[in-house]
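If you're matching them up, the sequences are chains A and B in order. With the numbering used here applied, the first sequence corresponds to residues 1375 to 1547, in that order. With the numbering used here applied, the second sequence corresponds to residues 277 to 465, in that order. Note that beta-carbon positions come from the ideal geometry of N, C-alpha and C, so glycine has one too. Here the structure comes first, spelled out in structure tokens, and everything after it is commentary.
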Amino acid sequence: MTKKQKAKNNQITSAVMDKINSGKVKMRPHWYFGLLGFFSILITALLGLIAVYAGSIITLWLRVVSADGPALGIKNKIGELLLSFPWWSILLIILSVIILISIISRFGHLYKIRFIYLAPIALVLAIAFGYIASYTHLPNILNINNRTYNQCRVSDEDCSMGNRIYRKMRLMK
Amino acid sequence: MTMDDKLSDEQAIELVLEGDSNLYAQIVERYEPKLMRYAQFILKDYDTASDAVQESFIKAFINLRNFDTKRKFSSWVYRILHNESMNIIKRNKKTISLDDEGSGGGIPFEDFWHDVKIDQQLLNSKVRHCLDKLDIKYREVLILNYFENLKYEDISDILHIPTSTVGVRIKRGKEALKKICLSEEVKYD
Chain A
1375 MTKKQKAKNN QITSAVMDKI NSGKVKMRPH WYFGLLGFFS ILITALLGLI AVYAGSIITL
1435 WLRVVSADGP ALGIKNKIGE LLLSFPWWSI LLIILSVIIL ISIISRFGHL YKIRFIYLAP
1495 IALVLAIAFG YIASYTHLPN ILNINNRTYN QCRVSDEDCS MGNRIYRKMR LMK
Chain B
277 MTMDDKLSDE QAIELVLEGD SNLYAQIVER YEPKLMRYAQ FILKDYDTAS DAVQESFIKA
337 FINLRNFDTK RKFSSWVYRI LHNESMNIIK RNKKTISLDD EGSGGGIPFE DFWHDVKIDQ
397 QLLNSKVRHC LDKLDIKYRE VLILNYFENL KYEDISDILH IPTSTVGVRI KRGKEALKKI
457 CLSEEVKYD
């Protein structure tokens, strides 16, 4: 180590310690990290819910288009079906999953798993949970006025977003 | 050797957390040469590296209560420096070229090597010149593995990438380094 380097290194130590001892630099309190952890969990839960919700929209769409009999005419209406497919929900899932993975990777040990494996697993999980959610009427759960699809089929007013989408899908069909 | 020298990093950190802030100076002294070496390889400039290291130690102190003493302090502090260096690189969008011999009054290259066992070819300063031309994502893993003698697991914790990716990057980095060296007409076996 050269003299210049030694001197510079001592400068770093003294500069750091000067800031600490003078009180310019202080440790963040425990509650700060507690709060940060709480919000991380909250955002993770919210994004997870969004991903599942978007997944439920897709399965809901599949259920709507395949309902009422042996799906006669579906082959003829394939173009129409593709147009009416809620592509935005796929984008929503992908976006939520990417943000979700990056948040968990930042705070946890998810970075140990390769993204190329992690992303499809998360995507499949979101759609699978969405599928389950579509049978448990997740869109209705999100209806703040607790109105069912039947209750708000006449008007869009007071309907949840899920119910409105479901209603539009029904009308399209 | 003082009493404090016998303490592990994690034990020393616990004491700092209990209120003995002055013990942090010892942590800084312990890691300063290693972090400086790493930062210089990444940032290619002594003064910028020095600032990055200083800022990293300050950030480490500020966030010390978030450090899990069951884990390695070295990986944690390297991670902070890695983030700091990446921020500087992004901010500047360019690093100071090593072609500029006098850049920032750099430390003589030979100073880095006397305490580490690394591949003989990498001891050659011309190979280091090639290393500086390597993509940062490969350069970083090669530096941590060969110059800092860190295990794949530790590199994985520092760079937040899977252990398998560390292996892949080292392999690809070596291949890329060989190509650069060949194009620069530096002998590389």
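Give a yes or no on whether the C-beta atoms belonging to residue i and residue j are separated by under 7 Å.
{"i": "A:Ser1552", "j": "A:Ile1424", "result": "One cannot answer for residue 1552 of chain A here, as it falls past the ends of chain A, which runs 1375 to 1547."}
{"i": "B:Tyr414", "j": "B:Gly449", "result": "yes"}
{"i": "B:Glu286", "j": "B:Thr345", "result": "yes"}
{"i": "B:Tyr354", "j": "B:Ile434", "result": "yes"}
{"i": "B:Leu283", "j": "B:Val292", "result": "no"}
{"i": "A:Ser1430", "j": "A:Gly1504", "result": "yes"}
{"i": "B:Ile328", "j": "B:Ile364", "result": "The residue you asked about is not Ile; residue 328 of chain B is Ala in the sequence shown. Closer than 7 Å, so yes."}
{"i": "A:Met1627", "j": "B:Leu340", "result": "Coverage of chain A is limited to positions 1375 through 1547, which leaves residue 1627 of chain A absent and any answer about it impossible."}
{"i": "A:Val1426", "j": "A:Ala1502", "result": "no"}
{"i": "A:Ile1394", "j": "B:Ser440", "result": "no"}
{"i": "B:Asn368", "j": "A:Phe1407", "result": "no"}
Mark residue i as exposed unless 16 or more other C-beta atoms lie within 10 angstroms of its C-beta, in which case mark it buried.
{"i": "B:Pro438", "result": "buried"}
{"i": "A:Asn1384", "result": "exposed"}
{"i": "B:His358", "result": "buried"}
{"i": "B:Asp321", "result": "buried"}
{"i": "B:Glu386", "result": "Because the pLDDT of B:Glu386 is 42, which lies under 50, any placement of that residue in the model is unreliable, and the question is left without a value."}
{"i": "A:Trp1405", "result": "exposed"}
{"i": "A:Phe1412", "result": "exposed"}
{"i": "A:Tyr1509", "result": "exposed"}
{"i": "B:Leu420", "result": "buried"}
{"i": "B:Leu407", "result": "buried"}
{"i": "B:Glu424", "result": "buried"}
Can you give the beta carbon distance from residue i to residue j, rounded, assuming they're within the 8 Å contact cut?
{"i": "A:Lys1333", "j": "B:Ser432", "result": "Because chain A spans 1375 through 1547 in this model, residue 1333 of chain A falls outside it and cannot be assessed."}
{"i": "B:Val417", "j": "B:Ile456", "result": "Actually they are not in contact, since the Cβ atoms of B:Val417 and B:Ile456 sit about 16 Å apart, beyond 8 Å."}
{"i": "A:Ser1414", "j": "A:Ile1467", "result": "At roughly 20 Å, the Cβ-Cβ gap does not stay under 8 Å, so A:Ser1414 and A:Ile1467 are not in contact."}
{"i": "B:Ser361", "j": "B:Leu319", "result": "6 Å"}
Discussion item. Check whether the stretch 1386-1406 of chain A and the stretch 318-335 of chain B are in contact - that is, three or more C-beta pairs closer than 8 Å.
Written reply: Counting Cβ pairs under 8 Å, three or more are found: they touch.
Discussion item. So if I threshold CB-CB distances at 8 Å, which residues from the stretch 439-453 of chain B count as touching chain A?
Written reply: From the stretch 439-453 of chain B, only Thr439, Ser440 and Thr441 have a Cβ closer than 8 Å to chain A.
Worksheet item: Do three or more CB pairs link the stretch 1465-1477 of chain A to the stretch 1488-1497 of chain A at distances below 8 Å?
Response: Between the stretch 1465-1477 of chain A and the stretch 1488-1497 of chain A, the count of Cβ pairs shorter than 8 Å is three or higher; the stretches touch.
Discussion item. What are the residues in the stretch 329-360 of chain B lying within 7 Å of chain A by C-beta distance?
Written reply: Along the stretch 329-360 of chain B, going in chain order, the ones with a CB nearer than 7 Å to a CB of chain A are Val329, Gln330, Phe333, Ile334, Phe337, Ile338, Asn339, Leu340, Arg341 and Asn342.
Discussion item. By the 8 Å beta-carbon criterion, what residues does the stretch 412-431 of chain B contribute toward chain A?
Written reply: Within the stretch 412-431 of chain B, not one residue has a Cβ closer than 8 Å to any Cβ of chain A.
Worksheet item: If contact means a Cβ-Cβ distance below 7 Å, which residues of the stretch 282-305 of chain B contact chain A?
Response: Listed in chain order, the positions of the stretch 282-305 of chain B with a beta carbon within less than 7 Å of a beta carbon of chain A are Ser297, Tyr300, Ala301, Val304 and Glu305.
Worksheet entry | the stretch 1405-1417 of chain A: positions lying closer than 7 Å to chain B by Cβ | Residues passing the 7 Å Cβ filter: Phe1407.
Worksheet entry | Members of the stretch 1415-1435 of chain A near chain B, C-beta cut-off 9 Å | Those residues of the stretch 1415-1435 of chain A that come within reach of chain B (Cβ to Cβ, closer than 9 Å) do not exist; the list is empty.
Discussion item. Can you pull out the residues from the stretch 1479-1496 of chain A whose beta carbon lies closer than 7 Å to at least one beta carbon of chain B?
Written reply: Per Cβ criterion, the list reads Ser1479, Tyr1485, Lys1486, Ile1487 and Arg1488.
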